[in-house]
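Participant: Below you'll find the structure I mean.
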Amino acid sequence: MKYTALLVSLMLFSTVLPASVPNPHAIYVSGSAAIPNGADGSINVGDVKEFRFDYQGGAFKLPYDRIISMEITDKAGVKAHLSVLVSWVPKVGKKSGQLLSIRFKGENGAGEAAIFEVSRPEFQPVEPILEARTGKQVQYVDVDQPDNAAAKADQPAPPASPLVPVTINSAPAGAMVSFWGQAAGRTPVATKLMPGTYTVEINADGLPTWKRNIVVEPGKPLTVSADLNQRGGATVAVR
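The numbering used here puts the first residue of the sequence shown at 36, with every later residue one more than the last.
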């Protein structure tokens, strides 16, 4: 009887444990991940194999073994390869808002980055779980402290963002856009991507799938217009 009760308790514990993992609120600020800029959602580390960012209209999934590093910072543009809009203002809390920068390898092996705004109190409970899943430590970079505020005032402004504005339209509108198989939202989609080659797929019910490789060049905003009613119908404009 004693062992039966113990077994039942262990089964109940294992069932409740995944549900007890918190899902902190987060906002996707920028990066090369296939997520619309400004997407409001939550971070989910309940799965033992992949990191998830769930937002309205989609979910970004990233296997833990593809994550290279994770950084928390108070300031946008601390490092050139992860710089974002210097006008970033915290939305989840003026005092607690911070940037979580995740560097990872894309499906083609290229270096990628995803930058989220998180609330410090909400993120802290999942930080050890994320570190355990990835086997990597979250690094705190340039986090504001009262004793170094004066020193930072003399630092030069961060470099301009290397991210390139990309707009994707379709006829008809409302088609689902995916980058490398990751849903990015429905057209029209406006985002910012790091320079490089991206496989874009556009799908609408009852129409052929539109799939192309697009090249994002540094400093050249890109507009892609796909006519799903015609095979091969697409216009790529650099402006």
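Don't be surprised by glycine CBs; every beta carbon is placed ideally from N, CA and C.
Computed from a prediction, not measured in an experiment: that's the story for all the values here.
Let's test the definition: count the other Cβ atoms within 10 Å of the Cβ of Tyr175 and tell me whether it reaches 16, buried, or not, exposed.
Facilitator: For this step, residue 175 is matched to residue 140 along the sequence shown. Classification of Tyr175: exposed, given that the 10 Å Cβ count is below 16.
Participant: Mind checking Gln180: buried by the 16 CB within 10 Å criterion, or exposed?
Facilitator: One-based indexing of the sequence shown puts residue 180 at position 145. Here the model assigns Gln180 a pLDDT of 44, short of 50, so the residue's position is not dependable, and the following value carries that caveat. It is exposed - the Cβ of Gln180 has fewer than 16 other Cβ atoms within 10 Å.
Participant: Starting from the C-beta of Thr169, find all residues in its chain whose C-beta is less than 6 Å away, skip the five residues before and the five after it, and write them out in chain order.
Facilitator: Residue mapping note: residue 169 aligns to position 134 of the sequence shown, counting from 1. So the qualifying residues of the chain are Tyr99, Ile102.
Participant: Short check: CB of Ser205 to CB of Asp262, under 9 Å?
Facilitator: The sequence position of residue 205 within the sequence shown is 170, counting from 1. The sequence position of residue 262 within the sequence shown is 227, counting from 1. Contact flag set, yes.
Participant: Just the Cα atoms here: how many angstroms apart are Ala149 and Phe88?
Facilitator: For the purposes of this step, residue 149 is taken as residue 114 along the sequence shown, with counting starting at 1. For the purposes of this step, residue 88 is taken as residue 53 along the sequence shown, with counting starting at 1. Distance between the alpha carbons of Ala149 and Phe88 is about 10 Å.
Participant: Taking buried to mean at least 16 other C-beta atoms within 10 Å of its own C-beta, is Thr232 buried or exposed?
Facilitator: By one-based count along the sequence shown, residue 232 stands at place 197. Result: exposed.
Participant: Kindly indicate which three-state DSSP category Gln133 falls into: helix, strand or coil?
Facilitator: As a working note, residue 133 is residue 98 in the sequence shown. Strand.
Participant: What separation, rounded to the nearest whole angstrom, lies between the Cα atoms of Met211 and Thr244?
Facilitator: Residue mapping note: residue 211 aligns to position 176 of the sequence shown, counting from 1. Residue mapping note: residue 244 aligns to position 209 of the sequence shown, counting from 1. Each residue's Cα considered, the two are about 10 Å apart.
Participant: For the ligand FMN, is there any heavy atom lying closer than 8 Å to the beta carbon of Glu85?
Facilitator: The model on display carries no ligand, and the ligand FMN is accordingly not part of it.
Participant: Just the C-alpha distance for Phe86 and Ala208, rounded to the nearest angstrom, thanks.
Facilitator: Translated into positions along the sequence shown, residue 86 becomes position 51. Translated into positions along the sequence shown, residue 208 becomes position 173. About 30 Å.
Participant: What does Val251 pair with, by DSSP beta-bridge criteria?
Facilitator: Taking the first residue of the sequence shown as position 1, residue 251 is located at position 216. Answer is Gly231, bridged to Val251.
Participant: Do three or more CB pairs link the segment 65–84 to the segment 151–171 at distances below 8 Å?
Facilitator: Judged by Cβ distances under 8 Å, the segment 65–84 makes contact with the segment 151–171, as three or more pairs qualify.
Participant: Can you tell me whether DSSP reads Leu281 as helix, strand or coil?
Facilitator: Limits of the chain in this structure are 36 at one end and 274 at the other, which puts residue 281 out of reach.
Participant: Do Pro256 and Val201 have their C-beta atoms within less than 9 Å of each other?
Facilitator: Taking the first residue of the sequence shown as 1, we reach residue 256 at position 221. Taking the first residue of the sequence shown as 1, we reach residue 201 at position 166. In this structure, Val201 lies closer than 9 Å to Pro256 by Cβ.
Participant: Using beta-carbon positions only, say whether Asn72 and Ala225 come within less than 9 Å of one another.
Facilitator: To locate residue 72, count along the sequence shown from 1; it is residue 37. To locate residue 225, count along the sequence shown from 1; it is residue 190. Yes; because the gap between Cβ atoms is below 9 Å, this pair is in contact.
Participant: Closest by CA to Pro223, which one among Val64, Ser154, Val251, Val259?
Facilitator: Position 188 of the sequence shown, counting from 1, holds the residue named residue 223. The option with the nearest alpha carbon to Pro223 is Val259.
Participant: Determine the burial state of Gly93: buried for a count of at least 16 other Cβ atoms within 10 Å of its Cβ, exposed for fewer.
Facilitator: Here residue 93 is taken as the residue at index 58 of the sequence shown, counted from 1. Buried, because 16 or more other Cβ atoms sit within 10 Å of the Cβ of Gly93.
Participant: Compare the C-alpha of Leu242 against each of Phe95, Val251, Val235, Gln265 and name the closest.
Facilitator: Numbered from its first residue, the sequence shown carries residue 242 at position 207. The option with the nearest alpha carbon to Leu242 is Gln265.
Participant: Tell me which same chain residues have a C-beta within less than 6 Å of the C-beta of Arg138, skipping the five on either side of it?
Facilitator: Position 103 of the sequence shown, counted from the first residue, corresponds to residue 138. Closer than 6 Å at the Cβ level, and outside the excluded window around Arg138, lie Ile103, Ser104, Ala148.
Participant: Measure the alpha-carbon distance for Ile237 versus Glu162 and round it to whole angstroms.
Facilitator: Counted from its first residue, the sequence shown places residue 237 at position 202. Counted from its first residue, the sequence shown places residue 162 at position 127. Near 35 Å, if we compare the C-alpha coordinates of Glu162 and Ile237.
Participant: With Gln133 and Ile107 assumed to form a contact (beta carbons below 8 Å), what rounded beta-carbon distance in angstroms separates them?
Facilitator: As a working mapping, residue 133 is identified with position 98 in the sequence shown. As a working mapping, residue 107 is identified with position 72 in the sequence shown. Contact holds; Cβ gap of about 5 Å.
Participant: Is Glu152 buried or exposed, if buried means 16 or more other CB atoms sit within 10 Å of its CB?
Facilitator: Numbered from 1 along the sequence shown, position 117 holds the residue referred to as residue 152. Buried, since its Cβ has 16 or more Cβ neighbours within 10 Å.
Participant: Taking the alpha helix (DSSP H) that Pro156 falls in, what are its first and last residues?
Facilitator: Indexing the sequence shown from 1 puts residue 156 at position 121. Looking at the DSSP string, the run of the alpha helix (DSSP H) that includes Pro156 is 155–158.
Participant: Can the beta-carbon of Ala219 be found less than 9 Å from the beta-carbon of Ala61?
Facilitator: Residue 219 sits at position 184 when you count from the first residue of the sequence shown. Residue 61 sits at position 26 when you count from the first residue of the sequence shown. No, these two residues do not count as a Cβ contact at 9 Å.
Participant: For Val250, I'd like the list of residues in its chain whose CB is within less than 6 Å of its CB, leaving aside the five on either flank, ordered along the chain.
Facilitator: For the purposes of this step, residue 250 is taken as the residue at position 215 of the sequence shown. Thr232, listed in sequence order.
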